[in-house]
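Numbering (this note's numbering), first residue to last: 1166 to 1231.
We treat Cβ as the ideally placed atom computed from N, Cα and C, and that holds for glycine.
Predicted, not measured: the structure shown is a model, and the values here were computed from it.
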């Protein structure tokens, strides 16, 4: 997986559903570091891995799982 990557975020704790973002890093402390637009500005957020789902916007190159 190459970073940064465009993702869609699902995080019920912050009431994020289908929120476009850019995944910048996965920290060793258990967080996704993402950048997303909130209002008219771009913000960095640390989202807990255990409570966050990410869907990568770029499709897989092959149709079969690796």
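Check: Supposed contact pair residue 1196 and residue 1211 - C-beta distance, whole angstroms, cut 8 Å; Outcome: 4 Å
Check: Whether residue 1186 touches residue 1172 by CB criterion (7 Å); Outcome: yes
Check: Any beta strand (DSSP E) of 3 or more consecutive residues that is wholly inside the stretch 1169 to 1226; Outcome: 1170 to 1176, 1181 to 1191, 1196 to 1203, 1206 to 1213 and 1218 to 1221
Check: Sequence-distant residues of the same chain with beta carbon closer than 7 Å to residue 1176, five excluded per side; Outcome: 1212, 1216 and 1217
Check: Neighbourhood of residue 1189 by C-beta, 7 Å cutoff - its chain only, sequence neighbours within 5 removed; Outcome: 1168, 1169, 1198, 1199 and 1200
Check: Chain-order list of residues whose beta-carbon lies under 8 Å from that of residue 1207 (same chain, five-residue window excluded); Outcome: 1200 and 1201
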